[in-house]
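Number of protein chains: 2
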Amino acid sequence: MNKSMDESRNAPGHDSLPTVFLVDDHELFLAGVRSEIAGAVSVVGTASDVDAAIELIGERVPEVVLIDVHMPNGGGERVIRETLARHPAVQFLALSVSDAPDDVIAIIRVGARGYVTKTIATAELVDAIWRVRAGDAVFSPRLAGFVLDAFAATAPLDLDPELDLLSPREQEVMRFIARGYTYKEVARELVISIKTVETHVSAVLRKLQLSNRHELARWATQRRII
Amino acid sequence: MNKSMDESRNAPGHDSLPTVFLVDDHELFLAGVRSEIAGAVSVVGTASDVDAAIELIGERVPEVVLIDVHMPNGGGERVIRETLARHPAVQFLALSVSDAPDDVIAIIRVGARGYVTKTIATAELVDAIWRVRAGDAVFSPRLAGFVLDAFAATAPLDLDPELDLLSPREQEVMRFIARGYTYKEVARELVISIKTVETHVSAVLRKLQLSNRHELARWATQRRII
DNA sequence: AATGGAATCGGTGACAACCCTGAAGGAACC
DNA sequence: GGTTCCTTCAGGGTTGTCACCGATTCCATT
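Protein chains in written order, with numbering that gives the first Met the number 0: chain G, 0 to 225; chain S, 0 to 225.
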């Protein structure tokens with residue numbers, strides 16, 4: 000099921016077991032994971048707190064780090080941030096009890112290549128480790144949606160019905176105004192008179208029910224028109 | 000909000016074959032894909048140009064649309080954008096000859112849930128379709144990195160040295176101005192006279208080497224001060 | 001032929017924004 | 001005690017913004 004694209008074929012040095020480092024502040028869980036995946040990957044070390052993790056990962060330089068998100072003293076985020084600054088090749092796979100969108104987004108922002116919940120089965124976890132080592136991104140099905148939604152939201156499509164209220168020329172003028180152009184600059188740019196620009200701007204503000212160019216700028220930036 | 004990763008596999012209505020719609024401007028390729036995946040999914044229609052695709056997808060409302068990226072008259076992007084506006088539940092899986100980062104990023108931005116190259120094997124394509132239907136995100140291994148890199152790059156951390164040039168009061172005034180407050184509003188908010196606000200704003204613009212409040216607004220939003 | 005929208009301009013007027021000069025009180029530093 | 005900076009405020013001026021009142025031309029629809 001979860002072995003869709005094993006393209007570990009072409010990458011050199013990817014025929015051996017992945018070297019894996021485990022980080023979790025619950026030592027029992029740490030031991031459990033270690034014994035479960037021991038045969039399918041090569042565990043080169045473990046750590047149960049943030050500082051020790053940063054230290055040991057820097058020494059061992061594993062291919063993949065399996066890391067808990069919620070930990071005292073900075074959490075998994077700090078480990079990832081500080082490690083990637085020195086060893087950019089290390090791949091991080093977050094393993095968390097939480098499937099909250101904010102946690103997923105935060106961990107991806109600092110550079111993790113995957114995020115799975117602790118309810119995952121052993122075989123799937125091993126598969127995920129192999130895929131992350133190969134450069135793939137691994138997410139639990141529900142979590143993948145959060146990431147893509149958040150990503151798309153950074154420059155969304157916004158098919159806006161309100162924009163249709165504006166005539167083509169009005170939209171054109173609106174974009175300049177929202178970018179902070181003065182009337183004079185817009186007039187020069189579009190080769191029309193300042194008075195025409197004023198007319199268009201008035202129409203835009205009236206149609207969008209805004210009261211000045213500042214609100215227009217915010218309106219436009221919020222729906223990423225500019 | 001507390002479902003395991005297994006949830007989508009057990010979700011109701013997901014035990015039958017996925018209904019799939021195919022879009023590609025090469026009819027031969029269309030026929031090839033259709034015959035290859037015919038047993039493993041339920042192909043409910045095909046289209047070989049953008050307009051027909053938008054029309055037919057709107058009628059059939061498939062669960063998954065397998066779509067070519069590069070097509071005349073708007074490409075796959077337009078199909079995705081216009082379809083999602085009316086049918087948000089339709090999942091799009093891009094199938095392209097290109098593995099250029101820009102193509103991948105663009106298609107994800109408009110809302111696709113996956114992107115694989117046409118070199119993919121049939122079995123893997125079928126698996127990808129099933130996973131996209133379930134809500135998972137599917138990428139060829141080398142492409143996943145592009146998306147995550149681009150995503151991580153959207154949230155830089157800027158500790159700004161330029162901000163230290165401003166006195167505390169100036170920073171305070173600056174935040175209001177950057178948000179679009181008028182001088183009068185700032186004066187009322189901070190309980191000072193309009194003339195004082197003018198003084199502070201002038202100092203801010205001079206110190207930051209900006210020429211008006213619009214540039215100041217952009218300056219502030221870019222480094223996420225407001 | 002008539003209607004109406006879009007695009008183009010003009011005038012007037014009321015503010016808002018921005019610049020310059022100047023200045024007074026206070027805190028901090030040497 | 002002098003210097004420097006911050007904060008506060010004022011007068012006077014230019015330019016920018018926006019509204020309300022007009023107008024003409026072009027074009028598509030009726």
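C-beta: ideal position from N, C-alpha, C; glycine also.
These figures come from a predicted structure and were not determined experimentally.
Interface flag, residue i vs chain G, CB-CB below 8 Å
i, result
"A154 of chain S", "The pLDDT assigned to A154 of chain S is 43, lower than 50, so where the model puts this residue is not dependable, and the model offers no usable value."
"A99 of chain S", "no"
"A46 of chain S", "no"
Neighbour-count burial assignment, residue i, 16 or more Cβ in a 10 Å radius
i, result
"A46 of chain G", "buried"
"A30 of chain G", "exposed"
"P61 of chain G", "buried"
"H213 of chain G", "buried"
"Q90 of chain G", "buried"
"G38 of chain G", "exposed"
"S210 of chain S", "exposed"
"L169 of chain G", "For the sequence presented, residue 169 of chain G should be read as Glu rather than Leu. Counting Cβ neighbours within 10 Å, E169 of chain G comes out buried, since at least 16 surround it."
"S15 of chain G", "exposed"
"G57 of chain S", "exposed"
"R108 of chain S", "buried"
Contact with chain S by residue i, beta-carbon distance below 8 Å
i, result
"A234 of chain G", "Past the edges of chain G, shown from 0 to 225, lies residue 234 of chain G, and the structure says nothing about it."
"A136 of chain G", "yes"
Any non-hydrogen atom of the ligand FMN closer than 7 Å to residue i Cβ
i, result
"D102 of chain S", "The ligand FMN is not part of this structure, which contains no ligands at all."
Span of the beta strand (DSSP E), counted from its first residue to its last, around residue i
i, result
"Q208 of chain S", "Run containing Q208 of chain S: none; DSSP gives neither H nor E here."
"R120 of chain G", "Per the sequence shown, residue 120 of chain G should be read as Ala rather than Arg. Note, A120 of chain G: premise wrong, no beta strand (DSSP E); not H, not E."
"L42 of chain S", "Going by the sequence as given, residue 42 of chain S is Val instead of Leu. Run containing V42 of chain S: 41 to 46, per the beta strand (DSSP E) assignment."
Which residues DSSP lists as bridging residue i, in chain order
i, result
"I66 of chain G", "G:V22, G:A93"
"G38 of chain S", "Answer is none; G38 of chain S lacks a bridge partner."
"K138 of chain G", "First, the residue type needs correcting, since residue 138 of chain G is Phe and not Lys in the sequence shown. G:Y114."
Start and end residues, alpha helix (DSSP H) containing residue i
i, result
"G75 of chain S", "74 to 85"
"D102 of chain S", "100 to 108"
"G57 of chain S", "49 to 59"
"I191 of chain S", "No alpha helix (DSSP H) contains I191 of chain S, which DSSP labels as neither H nor E."
"R174 of chain G", "167 to 177"
**Request:** Anything in the segment 186 to 217 of chain G with a Cβ closer than 7 Å to a Cβ of chain S? List those residues in chain order, please.
**Result:** H213, E214, A216, R217
**Message:** What are the residues in the segment 11 to 34 of chain G lying within 8 Å of chain S by C-beta distance?
**Reply:** none
**Asked** Quick one, which residues of the segment 167 to 182 of chain G are near chain S if we go by CB-CB under 9 Å, in chain order?
**Response** R178, G179, Y180, T181
**Message:** Give me the subset of the segment 71 to 98 of chain G whose CB atoms are less than 8 Å from a CB atom of chain S, sorted by chain position.
**Reply:** D98
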